[in-house]
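S.K.: In this note's numbering, the protein residues as written are 45 to 128.
We treat Cβ as the ideally placed atom computed from N, Cα and C, and that holds for glycine.
Structure incoming, see below.
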């Protein structure tokens, strides 16, 4: 799915080469910006790029460089084995 011509797109994907995600319009060059997951999520919530202060407030207390999956094993079953 592509954005409208001339839009600015923020994504976590590194495959943002020119024209792949957003094309240029007659008035504005399309932009594809690479950002961290927290910045992309916060931008989606705000509808714009967050300020540095907003970003710091949003991630306060989250150790972004020390994330690890839970130590206990995951016990979820595949969807076709679930009972309701």
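Consider the Cβ of residue 110: report whether some Cβ of chain B lies at a distance smaller than 8 Å.
M.R.: Protein chains in the displayed structure number just one, and chain B is not present.
S.K.: Take the Cβ of residue 86 as the centre, count every other Cβ of all protein chains shown within 10 Å, and call the residue buried at 16 or more, exposed below.
M.R.: With 16 or more other Cβ atoms within 10 Å, it is buried.
S.K.: Taking only three categories from DSSP, how would you classify residue 98?
M.R.: Note: residue 98 maps to helix in three-state DSSP.
S.K.: Please go through the stretch 61 to 87 and give each complete beta strand (DSSP E) segment of 3 or more residues, from N-terminal end onward.
M.R.: Segments of the beta strand (DSSP E) lying fully in the stretch 61 to 87: 75 to 78.
S.K.: Mind checking residue 91: buried by the 16 CB within 10 Å criterion, or exposed?
M.R.: Looking at its Cβ environment, which holds fewer than 16 other Cβ atoms inside 10 Å, residue 91 is exposed.
S.K.: So the candidates are 83, 69, 109; which of them puts its Cα closest to the Cα of residue 97?
M.R.: Comparing Cα-Cα distances from residue 97 to each of 83, 69, 109, the minimum goes to 83.
S.K.: Measuring only the C-alpha atoms, how far is residue 105 from residue 99?
M.R.: Cα to Cα, residue 105 sits roughly 12 Å from residue 99.
S.K.: Starting from residue 47, follow the beta strand (DSSP E) in both directions and report where the run begins and ends.
M.R.: Counting along the chain, residue 47 falls outside any beta strand (DSSP E), and DSSP gives it neither H nor E.
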